[in-house]
Structures are given as C-alpha cells and as structure tokens.
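To start, the structure itself, in structure tokens.
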Amino acid sequence: MHVSMKADYGVRAMVDLAQHQGEGPVQTAEIAARQSVPEPYLDQILTTLNKYGFIRSRRGPQGGHLLAAPPEKIALQAVITTLEGHLAPLECLNEPTVCTLSSACSQREVWRSVEEAVQSVLSSTSIADLANRQRELTSYGMYHI
5 MHVSMKADYG
15 VRAMVDLAQH
25 QGEGPVQTAE
35 IAARQSVPEP
45 YLDQILTTLN
55 KYGFIRSRRG
65 PQGGHLLAAP
75 PEKIALQAVI
85 TTLEGHLAPL
95 ECLNEPTVCT
105 LSSACSQREV
115 WRSVEEAVQS
125 VLSSTSIADL
135 ANRQRELTSY
145 GMYHI
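Note that the numbering used here has the sequence shown beginning at 5, numbered continuously upward.
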C-alpha cells in the first residue's frame with residue numbers, strides 16, 4: 005500500500021488547521037511554510053477538502069481556511085479516501101474483474117484482511133488525535149517555566 009503525496013499533504017494541512025483552531029482563518033501560505041508543502045499544490049488539495057466539506061475557505065485579505073467540523077469528528081480515513089480514492093493494496097479487491105483468478109485466490113483473502121486492518125486504524129484515528137500527538141512530539145525536550 006502506498007499513500008500519495010496528495011493524501012500526505014492533505015492530512016498535514018488538516019492537522020495544521022486543527023493545531024491553529026480558534027485563531028481565525030489560516031492562509032494557504034502559512035500552512036505551506038509550516039508543513040514544507042509546495043503552496044500551489046497545497047492550494048489544489050485545500051480546494052478539494054473544501055469541496056467535500058472538510059474545511060471552509062474564504063478568499064481575500066482576511067481569508068483563509070478553517071476546519072468545517074471539530075477535529076475530533078474528522079476521521080483520518082475519510083480525509084485519506086477523499087484525496088486518495090480507495091486504499092486497497094491490490095486492484096482486484098475493488099475490481100474483481102481485473103483478475104481472472106479473483107474468485108479463487110488465497111492471496112486476495114490475506115490482502116482483504118490487510119485492507120480491513122488499515123481501514124480500522126484510519127477510521128478510529130481522528131485529526132484531533134494526530135494534532136495532539138504532533139504537539140507532544142514538537143514539545144518533547146522543551147522546558148516550560
């Protein structure tokens with residue numbers, strides 16, 4: 005299984021928005037700089053996330069992006085499958101007709117189990133979970149007095 009850069013960047017953007025929730029709209033350039041993502045490509049991804057209702061976007065000098073729902077309510081699985089399509093490790097899991105052996109293939113059962121395990125992890129992980137973990141990782145070793 006391979007997760008595309010599009011999905012990776014999209015998740016990074018969603019986590020960034022979760023980390024800056026309550027601060028008002030966040031501009032694409034700010035997210036791109038913090039996440040080391042090319043701004044033009046990120047803009048395309050954010051357009052998709054807006055189209056599918058994950059974020060709300062406003063243009064203009066006071067514009068930017070906001071999460072459309074609380075980060076606790078946004079499953080990683082929903083974001084990734086919106087940007088990626090399916091996450092099946094083999095095409096035959098979604099399209100059995102691509103392989104003449106699909107109906108009698110022992111490997112297909114194993115790969116179906118792998119797909120189900122991945123879907124389970126992704127659907128039980130929220131954007132808030134990732135944002136909280138990111139905060140922990142970036143504050144590790146920092147002393148607050």
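Even for Gly, the Cβ is constructed at its ideal location relative to N, Cα and C.
All of these numbers come straight from a predicted model, not from anything done at the bench.
**Request:** Apply the 10 Å Cβ neighbour rule to residue 141 and answer buried if 16 or more other Cβ atoms are within range, or exposed otherwise.
**Result:** Here residue 141 refers to the residue found at position 137 of the sequence shown. Exposed.
**Request:** Assuming residue 72 and residue 58 form a contact by the criterion Cβ under 8 Å, report the distance between their Cβ atoms to the nearest whole angstrom.
**Result:** Sequence index remark: in the sequence shown, residue 72 carries index 68 (1-based). Sequence index remark: in the sequence shown, residue 58 carries index 54 (1-based). Indeed, because the Cβ distance is near 6 Å, the residues count as touching under 8 Å.
**Message:** Beta-carbon within less than 7 Å of residue 115's beta-carbon, same chain only, minus the 5 sequence neighbours each way: which residues are those?
**Reply:** Locating residue 115 in the sequence shown gives position 111, where the first residue counts as 1. Around residue 115: 93, 94 and 97.
**Request:** Keeping to the same chain, check which residues put their C-beta closer than 6 Å to that of residue 54; ignore five residues upstream and five downstream.
**Result:** Here residue 54 refers to the residue found at position 50 of the sequence shown. 61.
**Message:** Which complete alpha helix (DSSP H) runs does the region 57-124 hold, if anything under 4 residues is left out?
**Reply:** Taking only runs of at least 4 residues, the alpha helix (DSSP H) segments lying wholly in the region 57-124 are 80-88.
**Item:** Contacts around residue 39, its chain only, beta-carbon distance under 8 Å, and the 5 residues preceding and following it disregarded
**Value:** Locating residue 39 in the sequence shown gives position 35, counting from the first residue. Cβ neighbours of residue 39 beyond the five flanking positions: 13, 16, 17, 20 and 46.
**Prompt:** With which residues is residue 130 paired in a DSSP beta bridge?
**Reply:** The sequence position of residue 130 within the sequence shown is 126, counting from 1. DSSP output for residue 130 lists 79 as bridge partner(s).
**Request:** Kindly examine the ligand SAH and report whether one of its heavy atoms sits closer than 7 Å to the Cβ of residue 142.
**Result:** Absence of the ligand SAH is noted for the structure shown, with no ligands found whatsoever.
**Request:** Check the DSSP bridge columns for residue 30 and list the partner residues they point to.
**Result:** Within the sequence shown, residue 30 is the residue found at index 26, counting from 1. 69, per the DSSP bridge assignment.
**Request:** Would you identify the three-state DSSP class for residue 143, choosing helix, strand or coil?
**Result:** Taking the first residue of the sequence shown as position 1, residue 143 is located at position 139. DSSP places residue 143 in helix when its eight states are reduced to three.
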